[in-house]
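Working notes, beginning with the structure itself.
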Amino acid sequence: MRKLPPEEEVAVSAGSSSHDLGTQALPAHTEEERETLLAFLEEHRRLIRETILVLSDEEARLKLVPSLTTPIGLLNHAAFVESVWFICRFGGKTRAEAEIPETVDESFIVCPSDSLQSLAQKHLKNIDQANEIISRLSLEDRCNHPVMGELTLRWVLNHCIRELAQHAGHADILVEQIIAQRSEPAIGKSA
């Protein structure tokens with residue numbers, strides 16, 4: 355099983371942001387489109403995981419918004435994104451074979467037995483499988499989407515970068531709120 359990189363095991367100090375571009379290195383500039391897309395994809399994969407892993411399991415289950423969005427739910431959804439787009443659509447597995455839910459909303463729901471570490475490992479495992487599939491494809495290779503029809507790998511990579519960046523931002527805000535209020539009374543209810 356793949357281990358978390360050491361930098362993801364280190365807690366961020368209270369009030370700091372993991373998305374501070376003053377301290378975060380951007381992916382290296384390259385003229386190669388594929389390398390650039392994969393570098394940004396990997397950056398956002400790491401950011402969502404790294405941002406959430408500063409919390410305890412209990413904190414990660416706090417529900418601060420009316421939707422299904424919780425920090426632990428975002429991590430579960432990030433693992434789902436890897437599966438649904440790469441393992442299922444390009445790799446040919448069914449959702450049942452990939453052991454993922456049938457709907458996007460369900461991907462934000464976690465089991466009581468799920469922990470941050472178990473979901474981080476699931477995320478890394480799905481990334482490894484996705485990367486193996488991506489490595490065999492060109493940017494012009496296509497998958498079939500039930501509503502949008504044929505989509506190129508290029509489109510899917512851009513979509514996943516956008517989606518993971520959006521969710522990393524959600525995670526950053528939720529985590530910042532939780533960390534800022536650690537010493538205050540209850541701030542939400544567990545999911």
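Residue 361 in this note's numbering sits at position 7 of the sequence shown, and the numbers go up by one each step. Ideal Cβ positions, reconstructed from N, Cα and C, are used throughout, including at glycine. Predicted, not measured: the structure shown is a model, and the values here were computed from it.
message = Buried or exposed, going by whether 16 or more other CB atoms sit within 10 Å of the CB of Gly-503?
response = Here residue 503 is taken as the residue at index 149 of the sequence shown, counted from 1. Exposed.
query = Beta carbon of Glu-530: closer than 8 Å to some heavy atom of the ligand SAM?
reply = By its list of ligands, the structure shown contains no ligand whatsoever, and the ligand SAM lies outside what it can speak to.
key: Segment limits, alpha helix (DSSP H) that includes Leu-422   = What you label residue 422 is simply residue 68 of the sequence shown in a count that begins at 1. Neither: Leu-422 is in no alpha helix (DSSP H) and is coded neither H nor E.
ask   = Around the C-beta of Glu-446, are 16 or more other C-beta atoms found within 10 angstroms, so that it is buried, or is it exposed?
value = Numbered from its first residue, the sequence shown carries residue 446 at position 92. In the sequence on display, residue 446 carries Gly and not Glu. Exposed.
query = Is the distance from the Cβ of Leu-429 to the Cβ of Leu-470 below 9 Å?
reply = The count along the sequence shown starts at 1 and reaches residue 429 at position 75. The count along the sequence shown starts at 1 and reaches residue 470 at position 116. It is a contact, given that the beta carbons lie within the stated cut-off.
query = Whose C-beta lies closer than 7 Å to the C-beta of Glu-456 among residues of the same chain, with five residues either side of it excluded?
reply = Taking the first residue of the sequence shown as 1, we reach residue 456 at position 102. Within the same chain, Glu-456 has close Cβ partners Arg-449.
request  = Measure the beta-carbon distance from Leu-391 to Phe-444 and round it to whole angstroms, keeping in mind my assumption that it falls under 8 Å.
outcome  = The sequence position of residue 391 within the sequence shown is 37, counting from 1. The sequence position of residue 444 within the sequence shown is 90, counting from 1. Going by Cβ atoms, the distance from Leu-391 to Phe-444 rounds to 14 Å, so no, they are not a contact pair.
request  = Tell me whether the beta-carbon of Glu-436 lies closer than 9 Å to the beta-carbon of His-477.
outcome  = As a position in the sequence shown, residue 436 is number 82, starting the count at 1. As a position in the sequence shown, residue 477 is number 123, starting the count at 1. Taking 9 Å as the Cβ cut-off, Glu-436 and His-477 qualify as a contacting pair.
inquiry  = Residues in the same chain with beta-carbon distance under 7 Å from Gln-483, minus the five sequence neighbours each way, listed in chain order, please.
reply    = Taking the first residue of the sequence shown as 1, we reach residue 483 at position 129. Result list for Gln-483: Ile-441, in chain order.
task = Starting from Leu-505, follow its DSSP beta bridges and name the residues at the other end.
result = Residue numbering aside, residue 505 sits at position 151 when the sequence shown is read from its first letter. Leu-505 pairs with Cys-497.
ask   = Counting Cβ pairs closer than 8 Å, one from the segment 460-468 and one from the segment 503-517, do we hit at least three?
value = no
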